[in-house]
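Engineer: Per the UniProt record's numbering, residue 1 is the first one in the sequence shown, and the count goes up by one each step. Mind looking over this structure? Questions follow.
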Amino acid sequence: MGRIENALKKGEKNLIAYLTAGDPCIEKTPELVLGMESGGAALVEIGIPYSDPLADGPVIQAASTRALSKDISIEKIFDAVEKIRKESQIPLVFLVYYNTIHNYGGEEFLKKCEETGVDGLIIPDLPMEEQKELPKNAAVSIIPLVALNSGDRIENIVKDATGFVYCISSFGVTGTRDTISNKASEIVSEIKKYTDIPVALGFGISHNKMVEDVNRYADAAIVGSAIVKVIEKTKGSAKEVEDFVASLLR
Numbered sequence: 001m002g003r004i005e006n007a008l009k010k011g012e013k014n015l016i017a018y019l020t021a022g023d024p025c026i027e028k029t030p031e032l033v034l035g036m037e038s039g040g041a042a043l044v045e046i047g048i049p050y051s052d053p054l055a056d057g058p059v060i061q062a063a064s065t066r067a068l069s070k071d072i073s074i075e076k077i078f079d080a081v082e083k084i085r086k087e088s089q090i091p092l093v094f095l096v097y098y099n100t101i102h103n104y105g106g107e108e109f110l111k112k113c114e115e116t117g118v119d120g121l122i123i124p125d126l127p128m129e130e131q132k133e134l135p136k137n138a139a140v141s142i143i144p145l146v147a148l149n150s151g152d153r154i155e156n157i158v159k160d161a162t163g164f165v166y167c168i169s170s171f172g173v174t175g176t177r178d179t180i181s182n183k184a185s186e187i188v189s190e191i192k193k194y195t196d197i198p199v200a201l202g203f204g205i206s207h208n209k210m211v212e213d214v215n216r217y218a219d220a221a222i223v224g225s226a227i228v229k230v231i232e233k234t235k236g237s238a239k240e241v242e243d244f245v246a247s248l249l250r
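Next comes the structure, spelled out in structure tokens:
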């Protein structure tokens, strides 16, 4: 069993926390990740800044823009991961658009992930059918995405998956919302028919009541935009982020 599956223990209240690498600066990314862990996050999703992030709403798009304005690079992000690994074994997953992987070289990118301690990749713009063409690396999970309208494709999407399944709780892009679709719990139940790995629910989760509700039927709640707002507001205060993550788990 890998680091991800060990961290997302079933029957517990689990939180996956998201941040954009390099926002507000790459020097703060390691301390923000460690703050998230201290606040109780079970896993951290690190967004790789990209100029055309199709799945991201305005909050995370703005974070990408801020990071890209600071001369961020994939090598600096890998260096930040190495710094995190000197302090922590929390599972780390990149959210990365395929063009970044392609430009780096698929095999080389996966090898660098393994060497630095990245446990998985979420590639929102690469369909499941094309993900099978990626070079294989047993140490790095390709996290499958299941949408509310995946329907008959769910079994094929998740049956060979490792790490965890990312279930998208609403249509559209990322961003905070007041409620989660009633269909979300049904989709999670459907996913669990075909895989034993953890299922996490994301998109729109922004406060502790939503985190608690999601953990009743899923194995983790993913919180992104709400945390990125705190990072922006506090100019990257690791303590403020730690406190906010802790508040989500109360």
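Don't be surprised by glycine CBs; every beta carbon is placed ideally from N, CA and C. As the structure is a prediction and not an experimental result, all values here were calculated from the model.
Measure the C-alpha to C-alpha separation of leucine 126 and leucine 134 and round it to an integer number of angstroms.
Structural biologist: So the alpha carbons of these two residues sit roughly 10 Å apart.
Engineer: Taking the Cβ atom as the reference point for each residue, do leucine 95 and glycine 117 lie within a distance shorter than 8 Å?
Structural biologist: No, Cβ-Cβ distance for leucine 95 and glycine 117 is not below 8 Å.
Engineer: Between isoleucine 60 and isoleucine 16, what straight-line distance do the alpha-carbon atoms span, to the nearest angstrom?
Structural biologist: One C-alpha to the other measures close to 16 Å.
Engineer: Under 6 Å Cβ to Cβ from isoleucine 77, same chain only, skipping five residues before and after it: list those, please.
Structural biologist: Excluding positions up to five away in sequence, the list reads Ala21.
Engineer: Three or more C-beta pairs closer than 8 Å, one from the region 150-166 and one from the region 100-110: is that the case here?
Structural biologist: They do not touch, by the three-pair rule.
Engineer: Please report the straight-line C-alpha distance between isoleucine 72 and glycine 120, rounded to a whole angstrom.
Structural biologist: Taking the straight line joining both Cα atoms gives about 21 Å.
Engineer: In terms of residue numbering, what span does the beta strand (DSSP E) encompassing isoleucine 222 cover?
Structural biologist: 220-223 is the extent of the beta strand (DSSP E) around isoleucine 222.
Engineer: Whole angstroms are fine: how far does the CA of isoleucine 187 sit from the CA of threonine 176?
Structural biologist: Reliability of the predicted coordinates at threonine 176 is poor, the pLDDT of 49 falling under 50, and the value obtained from them is presented with this limitation in mind. About 20 Å.
Engineer: Looking only at its chain, what residues have a beta carbon closer than 7 Å to the beta carbon of glutamate 87, apart from the 5 residues adjacent to it on each side?
Structural biologist: So the list reads Leu34, once near-sequence residues are dropped.
Engineer: Within the same chain, show all residues whose beta-carbon is closer than 6 Å to that of lysine 83, passing over the 5 residues directly before and after it, in chain order.
Structural biologist: Result list for lysine 83: Pro30, in chain order.
Engineer: Considering just the uninterrupted stretch of the alpha helix (DSSP H) at isoleucine 101, what are its terminal residues?
Structural biologist: Segment 98-104, the alpha helix (DSSP H) holding isoleucine 101.
Engineer: Taking contact to mean at least 3 C-beta pairs separated by less than 8 Å, is the region 241-250 in contact with the region 199-214?
Structural biologist: Counting Cβ pairs under 8 Å, three or more are found: they touch.
Engineer: Among the residues of its own chain, which have a CB less than 6 Å from the CB of glycine 47, if the five just before and after it don't count?
Structural biologist: Excluding positions up to five away in sequence, the list reads Thr20 and Leu95.
Engineer: Confirm, please, whether the CB-CB distance from asparagine 215 to lysine 13 is below 8 Å.
Structural biologist: Cβ atoms of lysine 13 and asparagine 215: closer than 8 Å.
Engineer: Return the residue from the list Val165, Lys183 and Glu212 that minimises the CA-CA distance to lysine 192.
Structural biologist: That would be Val165, whose Cα lies nearest to the Cα of lysine 192.
Engineer: Who pairs with tyrosine 18 in a beta bridge, going by DSSP?
Structural biologist: Note: tyrosine 18 sits in a beta bridge opposite Glu45.
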